[in-house]
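For the sequence shown, the positions run 191 to 447 when the numbering used here is used. Some notes on the structure that comes next.
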Amino acid sequence: MLVRSPFVLPVITTFFLLAVLAHLGFFDWARLSRGFRNLGILGADMVPPDLGILPVASAALWETVEMSFAGTLLGFLASLPLSILGTRRLFSTWVSSLARFIAAGIRTIPVLLWAIVFVILVGLGPLAGTLGIAAYTVGYLAKIYADLFEGTDPEIMEAVQSTGASKLQLVRFVVIPEAANAVLAQVLFMLEYNIRASSILGFVGAGGLGFVIQIYLQSLDYRRLATVLLLVLVIVLLMDGISAWLRNRFLLSAHTA
């Protein structure tokens, strides 16, 4: 009796697709083999990491974390009014459509391009990186929050509106409390994303770890580069654990209340 593994079909399918792509000329097996060999050489050059640069790398890492926190906070605060204006149940179609159009336009530009824009406006340094992160955060969270706010129970909204509540009171006492857990989860996710994204903003002069990474890449100093990458991994894992703890704490508090 044959034992069927759930991994057999995906593996066979993957190899079949690779063979088809290679036959069509989308990639070259020899080039792919050389690429893996070069990747192995690069990995060997990174071992062991040079821990002597920890003071310098830690200072750059702290600057990156500060940029991420400040940019996420600014973006979160700015996204709330824009997302409220984009909620169709609260405002007319043209107002909500305009707000969503603005959010989409902001979100279309990657955070790296926003950083370049603010480097031109305010000069080199972490301020440009912070504003770039904030701008992208506004576009992303405004869209997500507008969709969340539109999911508010219409019966609750109608009941509160029947008491003569204003739109501001409706937002304060119904819309935001109903979506509070999802709002928290999204802003924590955005913070994690911004920490990862901000580690390359120094490539365009926006401060943080990116500048250090660029120096070590250009000088082919892969042992020091490995130390910086390990620091990025540690801070990302740490933030992932903290955000998971906060989500569980607030979600459990909300469910037991």
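Yeah, the Cβ is synthetic: ideal placement off N, Cα and C, and Gly gets one too.
Open item on the list: When you compare the CB positions of Gly329 and Ile296, do they come within less than 7 Å of one another, or not?
Closed with: Here the question's residue 329 lines up with position 139 in the sequence shown. Here the question's residue 296 lines up with position 106 in the sequence shown. Yes; because the gap between Cβ atoms is below 7 Å, this pair is in contact.
TODO: Would you tell me roughly how many angstroms separate the C-alpha atoms of Val424 and Arg386, rounded to the nearest one?
DONE: Here residue 424 refers to the residue found at position 234 of the sequence shown. Here residue 386 refers to the residue found at position 196 of the sequence shown. When rounded, the distance between both Cα atoms is 11 Å.
- [ ] Pair every Cβ in the region 287-305 with every Cβ in the region 403-415, then say whether three or more of these pairs are closer than 8 Å.
- [x] no
Open item on the list: Which of the three DSSP states is assigned to Tyr272 in this structure?
Closed with: Counting from 1 along the sequence shown, the entry for residue 272 is found at position 82. Per the sequence shown, residue 272 should be read as Leu rather than Tyr. Three-state result, Leu272: helix.
Open item on the list: Please report the distance separating the alpha-carbon of Thr353 from that of Asp343.
Closed with: Position 163 of the sequence shown holds residue 353. Position 153 of the sequence shown holds residue 343. Distance from the CA atom of Thr353 to the CA atom of Asp343, rounded to whole angstroms, is 16 Å.
Task: Beta-carbon proximity of Gly319 to Leu391, cut-off 7 Å - done: As a working note, residue 319 is residue 129 in the sequence shown. As a working note, residue 391 is residue 201 in the sequence shown. The answer is yes: Cβ separation under 7 Å.
Task: Cβ separation of Phe401 and Ala369, assumed to be a contact under 8 Å, to the nearest whole Å - done: Position 211 of the sequence shown, counted from the first residue, corresponds to residue 401. Position 179 of the sequence shown, counted from the first residue, corresponds to residue 369. Actually they do not touch by this definition, with Cβ atoms about 38 Å apart.
Task: Pairwise C-alpha distance: Ala260 and Ala324 - done: In the sequence shown, the residue the question calls residue 324 occupies position 134. In the sequence shown, the residue the question calls residue 260 occupies position 70. Rounded to whole angstroms, Ala324 to Ala260 spans 8 Å at the Cα level.
TODO: Taking Leu421 as the reference, give the member of Thr254, Arg224 and Pro200 with the closest Cα.
DONE: Taking the first residue of the sequence shown as position 1, residue 421 is located at position 231. For Leu421, the nearest C-alpha among the options comes from Thr254.
- [ ] To the nearest angstrom, report how far apart Val418 and Gly395 are at their CA atoms.
- [x] Here residue 418 corresponds to residue number 228 of the sequence shown, with the count starting at 1. Here residue 395 corresponds to residue number 205 of the sequence shown, with the count starting at 1. Between Val418 and Gly395, the C-alpha separation is close to 17 Å.
Open item on the list: Only counting the same chain, and skipping five residues up and downstream in sequence, which positions put a Cβ closer than 7 Å to that of Leu272?
Closed with: The residue given as residue 272 occupies position 82 in the sequence shown. The residues are Ala289, Ile292, Ala293, Val328 and Ala332.
Task: Gly265 beta carbon less than 7 Å from that of Gly397 - done: Counting from 1 along the sequence shown, the entry for residue 397 is found at position 207. Counting from 1 along the sequence shown, the entry for residue 265 is found at position 75. No. Outside cutoff.
- [ ] Note down the Cα distance separating Val373 from Tyr335, rounded to an integer number of angstroms.
- [x] Here the question's residue 373 lines up with position 183 in the sequence shown. Here the question's residue 335 lines up with position 145 in the sequence shown. Approximately 7 Å between the Cα atoms of the pair.
Open item on the list: Would Thr145 and Leu358 be called neighbours here (beta carbons separated by less than 7 Å)?
Closed with: What is shown of the chain runs 191 to 447, which leaves residue 145 out entirely.
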